[in-house]
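K.L.:
In our numbering, the protein residues as written are 14 to 549.
#1: Going by Cα to Cα distance, which pick from 507, 500 and 377 is closest to residue 30?
#2: Using the C-alpha atoms, what's the distance from residue 477 back to residue 221?
#3: Residue 293 to residue 82, Cα distance in whole Å?
#4: Do you know offhand how far residue 543's Cα is from residue 388's?
#5: Just list the beta strand (DSSP E) runs in the stretch 43-126, keeping only unbroken ones of 3 residues or longer that don't cross its boundaries, in chain order.
#6: Using alpha carbons as the reference points, say which of 24, 312, 344 and 186 lies closest to residue 282.
#7: How big is the Cα-Cα spacing for residue 56 and residue 232?
#8: Would you report the Cα separation of residue 118 and residue 509, rounded to the nearest angstrom?
#9: With C-beta atoms as the reference, is residue 269 less than 9 Å away from residue 296?
#10: Restricting to Cα atoms, I'd like to know which of 194, 97 and 208 is closest to residue 152.
#11: Quick one: which unbroken alpha helix (DSSP H) runs of 4-plus residues sit fully inside the stretch 141-166? Chain order, please.
#12: DSSP has residue 365 in a bridge; who is on the other side?
#13: If you measure between the beta carbons of residue 157 and residue 129, is that distance less than 9 Å?
#14: For the stretch 58-65 against the stretch 192-205, do three or more pairs of beta-carbon atoms, one drawn from each stretch, fall closer than 8 Å, so that the two count as touching?
#15: Tell me whether residue 396 sits in a helix, a strand or coil according to DSSP, three-state version.
#16: Below 9 Å between beta carbons: does that hold for residue 309 and residue 325?
#17: Specify, as a first and last residue, the run of the beta strand (DSSP E) that residue 539 falls within.
#18: What is the residue span of the beta strand (DSSP E) that residue 503 lies within?
#19: Between residue 40 and residue 63, how many whole angstroms is the CB-CB distance? I'm expecting something under 8 Å.
#20: In three-state terms, what does DSSP make of residue 128?
#21: By how many angstroms is the C-alpha of residue 20 removed from the C-alpha of residue 45?
In structure tokens, the structure reads:
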């Protein structure tokens, strides 16, 4: 018996990513599945009296987007914080903080994230004295865009018990002045000293924030995310509990792989957990490890010194990561390792090579390297020889990092964000945002991958343009490749009859417009699990 569609989208330009039917103008959906694909005449002929139809007016229809590296819980947690990503100068930062402080009661926390001092005309890092001046009666903590560095004011430092006698926490740095007093700048795990004294949100507020965040994601065309853990593991159990609460209440409207902190490796093994366990909306994701920090904080681990610093720093010893990965690999738990600097990438590639040689894996999904921000050609060759590895790269971070990398690495920046070279190794490459580090808008990411420019469209010729992707490669890395890497390529990632109906309609055809205009593309319609969840 032929299914009568519940929904038909017609008169569109359908990018199917299905090799058997690469182009179409209409799609039919029955329940939560795509049931037919073809031209308008044949698909509209399937309609019944209750079938809803949408005329796409020749707009571009694509598979729903994945974001495989999204700190979604952290993003939702801080949705009421100040967003500094659009604050254009150091002076403006002070003004914004002062304005927010004026609306708060004395003693109430003021939080923010997303500042990028390397893009400010002053190129100046804030410190506690600046924040004291802007908000003298409120504890303040603001995070740099890469989340590897935060700045706290004196009141926040006092509440956290940080003074000239405080020793650096493991894998963290409290920056000090010439007299040994904290400047307010905290690197890597040091900001966790502040996090511990920030009053937690109630569960009802957290759930409300998560629902708002999912609605925002729908407006960006996102239908699947990998929720990734920050270093320290403090939020891992809380995040997984919230995702489960949403799923149990029937309010989970994203497909989510929830990562677990690497610190929980032994607990996850003892519980018999495996990557991929769950349902079609909520699954256990990867164990997350950190090999190094970030280049913005000069803590990314490098083979050569920064022009304005040392070699960066390894965070978790490689041998410790390797021991945990071997145990997880045998137990069926896939692992992802944050590797930013070229030394970190070299060490982690070699580590995964040794794990492969043991040939003891029970994992359904390949292990992953996250970021691969700077990698040397000889290490790309070694990475390409690995059989069970995927990578997740963040092109939109490129737009944020151009000035910073030019400043700290100079001409060695040619090895940064080597997207084309990574793709050419044959290793599956997913594109993602690292939000809230960067804008989670996939169209902004596609723009960055294709043009290699800042959002203001500079430099004119692109930054090391030989590493640019074409639009088709970038779209695939946001759709079909992440579906395959996630173990669900048979039901997601392309517009194919029988697959789950996750789709997005754009107001511009990004395959036909000038690449410089891709970032301005907006979502008109998002379909998740066969239902329209967003419509402009």
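We put the CB at the ideal spot given by N, CA and C, even for glycine.
P.N.:
In short, the structure shows the following:
#1: Ranking 507, 500 and 377 by Cα distance to residue 30 puts 507 first.
#2: Whole-angstrom Cα-Cα distance: 42 Å.
#3: Cα to Cα, the separation comes out at about 19 Å.
#4: The alpha-carbon atoms of residue 543 and residue 388 are separated by roughly 41 Å.
#5: Listed in chain order, they are 46-51, 65-68, 73-76 and 78-83.
#6: When each option's Cα is compared against that of residue 282, the closest is 344.
#7: If I take the Cα positions, the gap works out to 27 Å.
#8: Residue 118 and residue 509 have their C-alpha atoms roughly 55 Å apart.
#9: Cβ atoms of residue 269 and residue 296: closer than 9 Å.
#10: Looking only at 194, 97 and 208, the smallest Cα-Cα distance to residue 152 is reached by 208.
#11: DSSP runs (the alpha helix (DSSP H)) wholly in the stretch 141-166: 141-147.
#12: Residue 365 pairs with nothing; no bridge assigned.
#13: For residue 157 and residue 129, yes; Cβs fall inside 9 Å.
#14: They do not touch, by the three-pair rule.
#15: It is helical.
#16: No, Cβ-Cβ distance for residue 309 and residue 325 is not below 9 Å.
#17: Per DSSP, the continuous beta strand (DSSP E) segment holding residue 539 begins and ends at 536-541.
#18: First-last for residue 503: undefined, no H or E at that position.
#19: So it is not a contact: roughly 17 Å between Cβ atoms.
#20: Strand, per DSSP.
#21: Rounded to whole angstroms, residue 45 to residue 20 spans 10 Å at the Cα level.
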